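Visitor: Protein chains in written order, with our numbering: chain A, 1 to 282; chain B, 1 to 338. Positions of the beta carbon are idealized from the N, C-alpha and C atoms, including for glycine. Since this is a predicted model, take the numbers as computed values, not measurements. One structure coming up, written as structure tokens, with questions to follow.
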Amino acid sequence: MIRVELVKLVRRPRSWVSLGLLCGLPVLVAVFVAVTHLAPPPGQGPALLSAVLSSGSLYPAAALAIVLPIFLPVAVAVVAGDSIAGEASSGMLRYLLARPVRRSRLLAAKLVALIVYVLVAVVLIAVTAYATGILLFGSQPVAVSSGGGFNVSSVAATSLSGGGLTPTDILIRTLGAIAFIGVSMLGVGAIALFLSTVTDSALGAALGALAALITSEVLVTLNSADAVSPYLPTRYWLAWVDFFRQPILWRNIDRGFAVQAVYVAVFLGAAWAHFATKDITS
Amino acid sequence: MIVTRSLTKQFGPVLAVDHVDLDVRDGDRYGFLGPNGSGKTTLVRMLLGLVYATSGEIEVMGRPMPGRAAEVLPQIGALVEGPSAYGHLSGRANLALLDASGRAGSRRTRRARIAETLEQVGLAGIDNRPVKQYSLGMRQRLGLAAALLRTPHLLVLDEPTNGLDPQGIREIRDLLIELNKAGTTVFLSSHQLAEVDLLCTRVGVINRGRLVVQDDLEVLRGPTGRVMVRSPDVDRAAAVLDGRVERIEGDTLFVVAEDPAIINLRLIAAGVRVTEFTAERRSLEDLVLAVTGSGSDRVDDAGYSGGRPGRTGGDAGQPGSADGDAGQAEGGDLDDQG
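Here it is in structure tokens:
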């Protein structure tokens with residue numbers, strides 16, 4: 001069943017269009033920055049972007065920072081929201097279940113396909129961004145910030161440099177960031193997947209998941225919501241930037257992984273519980 | 001093949017299926033009739049384990065459903081509420097994906113099996129066009145192909161001839177009869193009476209969630225005790241059959257008779273020319289309309305619908321049999337006279 005779901009994903013034009021857009025946006029940004037040499041000042045604009053002018057090998061991280069706030073969650077929510085609701089609205093769900101495909105099995109296969117999509121998306125973004133970065137900005141060694149706070153985008157500032165990063169270091173840290181972002185996106189995916197079992201409208205499920213994210217983003221910035229903010233899904237989304245500090249700042253990364261794991265577990269559990277007992281009337 | 005006991009499904013306040021005792025026997029071509037919204041589809045979905053029953057039992061091929069769905073469903077081919085397919089893929093690709101789903105069919109024989117089923121449903125020549133460009137009839141055939149893909153022992157079909165032209169309808173009917181002769185039980189849910197009339201050997205009628213009639217078609221369509229005689233000599237025929245003629249319409253007489261042979265004999269003995277002579281049988285349409293109300297797609301004024309339940313629920317089983325009794329009694333009376 002997993003193979004079937006992967007085939008469906010691959011043969012779907014939408015998968016390729018969304019991947020193309022996800023990879024295209026960072027390339028577009030890189031071209032603008034390279035042509036004008038006007039990077040946003042440190043601390044403003046997408047994280048790490050100001051650093052890439054000095055070394056293109058940091059551009060994968062900057063690219064992830066560019067697509068993370070909206071593009072990537074939207075793509076993931078659309079794919080995940082479509083997983084069960086899409087089958088329901090196309091009328092195929094009843095035929096799949098009457099094959100029979102066990103409901104838990106179908107859900108698991110959809111989840112695996114979703115994970116594959118997320119990983120492929122994130123890795124592909126990183127790879128195209130690396131190529132773009134090297135091509136447009138060169139690959140000098142990188143000086144990395146050891147400072148705290150959120151001014152990591154000033155990594156290239158010589159005054160804050162805490163030592164150079166070897167290409168191997170950057171590779172490992174980028175892989176860490178990819179894993180972290182992948183898990184964060186899985187949290188979004190789990191919410192959308194659950195909603196996808198609730199409604200027969202793929203669009204509704206995707207928008208529902210995005211609504212949850214926007215709510216979370218709003219609350220994270222709200223001081224009066226500080227009490228709940230450590231438990232919000234987007235609270236630690238940007239913690240992967242800490243992978244590019246010297247030394248790596250693990251505190252928020254660990255918390256981010258933990259929060260996402262809880263969201264994934266809770267929403268997948270809810271999705272399974274609801275789907276397994278649901279009357280299929282689509 | 002299919003047995004349900006007191007099967008009930010409640011959707012919130014709506015009783016969709018109400019204590020249904022279905023009995024489909026091995027080798028039947030079972031026609032499951034009912035107006036729109038009478039609970040047909042809900043019942044079919046329960047048979048397939050898509051909708052869970054509120055109470056009651058389902059047994060398919062001697063095994064309880066949905067408990068043993070993993071053993072039962074691979075032997076069932078289903079077409080429920082119209083065919084479905086992934087519109088951006090070709091018909092073949094759709095069948096291949098479906099075949100690979102769940103307990104997959106053998107990959108080695110997949111191509112050959114798909115070609116064979118496409119041939120069966122008359123789509124042998126389809127190219128690689130995506131399904132979204134198919135006509136309604138082609139989609140219907142593709143849906144049937146999906147149902148036949150595993151050479152099932154039981155076919156559960158919901159309106160299988162929807163969207164087909166008369167030629168196609170006949171083709172599919174012939175195919176179903178052929179499959180049935182080879183041992184496949186066919187359960188056909190429909191509201192097209194003519195279709196069921198031509199195809200089925202056994203009929204169940206559901207109305208407002210209740211099974212109101214279930215019997216062999218042959219029994220249900222028993223003689224009405226009336227003979228239709230057509231003759232250029234209407235007046236003479238009427239004179240010969242005096243006392244038995246119920247009514248005359250143009251050159252056609254409707255004659256009450258228990259034994260049509262006697263009527264025929266008397267007409268011939270009197271030298272009356274007869275162009276047509278038919279022992280009238282109850283039509284399936286009359287029977288179904290007698291035991292069902294209008295479908296749920298008709299929405300009457302609340303004040304108006306008050307009288308309706310009496311017509312449908314309580315005395316539902318009676319009209320058919322009452323008709324038969326009356327016919328026989330009348331025939332008997334007149335025979336005495338003769």
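Quick one: grab the DSSP three-state call for residue 252 of chain A.
Guide: Looking up residue 252 of chain A in the first sequence gives position 252. Reduced to three states, the DSSP call for residue 252 of chain A is helix.
Visitor: Considering Cα atoms alone, identify which of B/129, B/109 and B/144 is closest to residue 119 of chain B.
Guide: The residue you call residue 119 of chain B lines up with position 119 of the second sequence. Taking only the C-alpha atoms, the option nearest residue 119 of chain B is B/144.
Visitor: Pick helix, strand or coil for residue 192 of chain B, following the three-state DSSP scheme.
Guide: Translated into positions along the second sequence, residue 192 of chain B becomes position 192. DSSP places residue 192 of chain B in coil when its eight states are reduced to three.
Visitor: Given this structure, state the Cα-to-Cα distance separating residue 9 of chain A from residue 80 of chain A, to the nearest angstrom.
Guide: The sequence position of residue 9 of chain A within the first sequence is 9, counting from 1. The sequence position of residue 80 of chain A within the first sequence is 80, counting from 1. C-alpha separation (whole angstroms): 11 angstroms.
Visitor: At a cut of 8 angstroms, does the stretch 128-135 of chain B reach the stretch 99-111 of chain B through at least three beta carbon pairs?
Guide: They do not touch, by the three-pair rule.
Visitor: Taking only beta-carbon atoms, is residue 90 of chain A less than 7 angstroms away from chain B?
Guide: Counted from its first residue, the first sequence places residue 90 of chain A at position 90. Chain B contact via Cβ: present.
Visitor: Which chain B residues are close to residue 280 of chain A, counting only those with a beta carbon under 8 angstroms from its beta carbon?
Guide: Locating residue 280 of chain A in the first sequence gives position 280, counting from the first residue. Result: 45, 50 and 51.
Visitor: Which residues in chain B sit within 7 angstroms of residue 4 of chain A, going by Cβ to Cβ distance?
Guide: To locate residue 4 of chain A, count along the first sequence from 1; it is residue 4. Under the 7 angstroms cutoff, chain B gives 97, 100 and 101.
Visitor: For the stretch 14-42 of chain B, which residues have a CB atom closer than 7 angstroms to at least one CB atom of chain A, in sequence order?
Guide: Cβ contacts with chain A come from no residue of the stretch 14-42 of chain B.
Visitor: Please report the straight-line C-alpha distance between residue 14 of chain B and residue 232 of chain B, rounded to a whole angstrom.
Guide: Along the second sequence, one-based indexing puts residue 14 of chain B at 14. Along the second sequence, one-based indexing puts residue 232 of chain B at 232. Residue 14 of chain B and residue 232 of chain B: Cα-Cα distance of roughly 57 angstroms.
Visitor: Does DSSP put residue 271 of chain B in a helix, in a strand, or in coil?
Guide: The sequence position of residue 271 of chain B within the second sequence is 271, counting from 1. If DSSP states are grouped into helix, strand and coil, residue 271 of chain B belongs with coil.
Visitor: To the nearest angstrom, how far is it from the Cα of residue 76 of chain A to the Cα of residue 263 of chain A?
Guide: Here residue 76 of chain A corresponds to residue number 76 of the first sequence, with the count starting at 1. Here residue 263 of chain A corresponds to residue number 263 of the first sequence, with the count starting at 1. Cα to Cα, the separation comes out at about 15 angstroms.
Visitor: With 7 angstroms as the threshold, decide whether the Cβ of residue 136 of chain B is near any Cβ in chain A.
Guide: Mapped onto the second sequence, residue 136 of chain B falls at position 136. Not closer than 7 angstroms to any Cβ of chain A, the Cβ of residue 136 of chain B fails to qualify, so no.
Visitor: For residue 8 of chain A, which residues does DSSP report across the bridge?
Guide: In the first sequence, residue 8 of chain A corresponds to position 8, counting from 1. Paired residues: none, contrary to the question.
Visitor: Could you check the C-alpha separation between residue 239 of chain A and residue 187 of chain A for me, to the nearest Å?
Guide: Within the first sequence, residue 239 of chain A is the residue found at index 239, counting from 1. Within the first sequence, residue 187 of chain A is the residue found at index 187, counting from 1. C-alpha separation (whole angstroms): 15 angstroms.
Visitor: Hey, is residue 317 of chain B's beta-carbon within less than 7 angstroms of any beta-carbon in chain A?
Guide: Your numbering for residue 317 of chain B matches position 317 in the second sequence. Confidence at residue 317 of chain B is low in this model, with a pLDDT of 38, below 50, so the placement of that residue is unreliable and no value is reported for it.
Visitor: In terms of residue numbering, what span does the beta strand (DSSP E) encompassing residue 168 of chain A cover?
Guide: Locating residue 168 of chain A in the first sequence gives position 168, where the first residue counts as 1. From DSSP, residue 168 of chain A is part of no beta strand (DSSP E) but of the alpha helix (DSSP H) over 167-198.
Visitor: In terms of residues, what are the limits of the alpha helix (DSSP H) holding residue 139 of chain B?
Guide: Walking along the second sequence from the start, residue 139 of chain B turns up at place 139. Per DSSP, residue 139 of chain B belongs to the alpha helix (DSSP H) from 136-148.
Visitor: Is it buried or exposed, residue 70 of chain A, if we count other Cβ atoms within 10 angstroms and call 16 or more buried?
Guide: To locate residue 70 of chain A, count along the first sequence from 1; it is residue 70. Exposed, by the Cβ-count rule.
Visitor: What would DSSP say about residue 268 of chain A, mapped onto helix, strand or coil?
Guide: For the purposes of this step, residue 268 of chain A is taken as the residue at position 268 of the first sequence. Three-state DSSP puts residue 268 of chain A in a helix.
Visitor: I need the straight-line Cα distance from residue 194 of chain B to residue 266 of chain B, nearest angstrom please.
Guide: The count along the second sequence starts at 1 and reaches residue 194 of chain B at position 194. The count along the second sequence starts at 1 and reaches residue 266 of chain B at position 266. For residue 194 of chain B and residue 266 of chain B, the distance between alpha carbons rounds to 35 angstroms.
Visitor: Is it buried or exposed, residue 218 of chain B, if we count other Cβ atoms within 10 angstroms and call 16 or more buried?
Guide: By 1-based counting over the second sequence, the position of residue 218 of chain B is 218. Result: exposed.
Visitor: Quick one: does residue 189 of chain B have its CB under 7 angstroms from some CB of chain A?
Guide: As a working mapping, residue 189 of chain B is identified with position 189 in the second sequence. No, its Cβ sits nowhere closer than 7 angstroms to a Cβ of chain A.
Visitor: What is the DSSP secondary structure of residue 276 of chain B, counted as helix, strand or coil?
Guide: Taking the second sequence and counting its residues from 1, the one referred to as residue 276 of chain B is at position 276. Residue 276 of chain B: strand per DSSP, three-state reduction.
Visitor: In whole angstroms, what separates the C-alpha of residue 258 of chain B from that of residue 290 of chain B?
Guide: Within the second sequence, numbered from 1, the residue matching residue 258 of chain B stands at position 258. Within the second sequence, numbered from 1, the residue matching residue 290 of chain B stands at position 290. Approximately 23 angstroms, taken between the alpha carbons.
Visitor: Taking residue 98 of chain A as the query, report the chain B residues whose CB atoms sit under 8 angstroms from its CB, ordered along the chain.
Guide: The residue labelled residue 98 of chain A in the question sits at position 98 within the first sequence. Within chain B, the residues near residue 98 of chain A are 48, 49, 50, 73, 76, 78 and 80.
Visitor: Does DSSP put residue 81 of chain B in a helix, in a strand, or in coil?
Guide: In the second sequence, residue 81 of chain B corresponds to position 81, counting from 1. Here residue 81 of chain B sits in coil by DSSP.
Visitor: Within the chosen definition, does the stretch 167-175 of chain A reach the stretch 33-42 of chain A through at least 3 CB pairs nearer than 8 angstroms?
Guide: No, because fewer than three Cβ pairs between the stretch 167-175 of chain A and the stretch 33-42 of chain A fall closer than 8 angstroms, the two stretches do not touch.
Visitor: What distance in whole Å lies between the Cβ atoms of residue 190 of chain A and residue 205 of chain A, which are believed to be in contact at a cut-off of 8 angstroms?
Guide: Your numbering for residue 205 of chain A matches position 205 in the first sequence. Your numbering for residue 190 of chain A matches position 190 in the first sequence. Rounded, the Cβ-Cβ distance is 12 angstroms, inconsistent with contact.
Visitor: From residue 27 of chain A to residue 132 of chain A, what does the alpha carbon distance come to, in whole angstroms?
Guide: Taking the first residue of the first sequence as 1, we reach residue 27 of chain A at position 27. Taking the first residue of the first sequence as 1, we reach residue 132 of chain A at position 132. Looking at the two C-alpha atoms, the distance is approximately 6 angstroms.
Visitor: From the beta carbon of residue 95 of chain A, is the nearest beta carbon of chain B less than 7 angstroms away?
Guide: As a first step, residue 95 of chain A is located in the first sequence; it is residue number 95 there, counting from the start. It does; some Cβ of chain B falls within 7 angstroms.
Visitor: Residue 236 of chain B and residue 272 of chain B look like a contact to me (Cβ under 8 angstroms); what is the Cβ gap, rounded to whole Å?
Guide: As a position in the second sequence, residue 236 of chain B is number 236, starting the count at 1. As a position in the second sequence, residue 272 of chain B is number 272, starting the count at 1. Between residue 272 of chain B and residue 236 of chain B the Cβ distance is about 5 angstroms, and since that is below 8 angstroms, they are a contact.
Visitor: In this structure, does DSSP put residue 155 of chain B in helix, strand or coil?
Guide: Against the second sequence, residue 155 of chain B aligns to sequence position 155. Note: residue 155 of chain B maps to strand in three-state DSSP.
Visitor: Once DSSP output is grouped into helix, strand and coil, what is the label at residue 253 of chain B?
Guide: What you label residue 253 of chain B is simply residue 253 of the second sequence in a count that begins at 1. Strand, per DSSP.
Visitor: Counting only C-beta atoms, is residue 101 of chain A closer than 7 angstroms to chain B at any point?
Guide: Within the first sequence, residue 101 of chain A is the residue found at index 101, counting from 1. Yes, its Cβ sits closer than 7 angstroms to a Cβ of chain B.
Visitor: Enumerate in chain order the residues of its own chain whose CB-to-CB distance from residue 310 of chain B is below 6 angstroms, with the five nearest sequence positions on each side excluded.
Guide: If you number the second sequence from 1, residue 310 of chain B lands on position 310. At residue 310 of chain B the pLDDT is 39, less than 50, meaning the model places this residue with poor confidence and gives no usable figure here.
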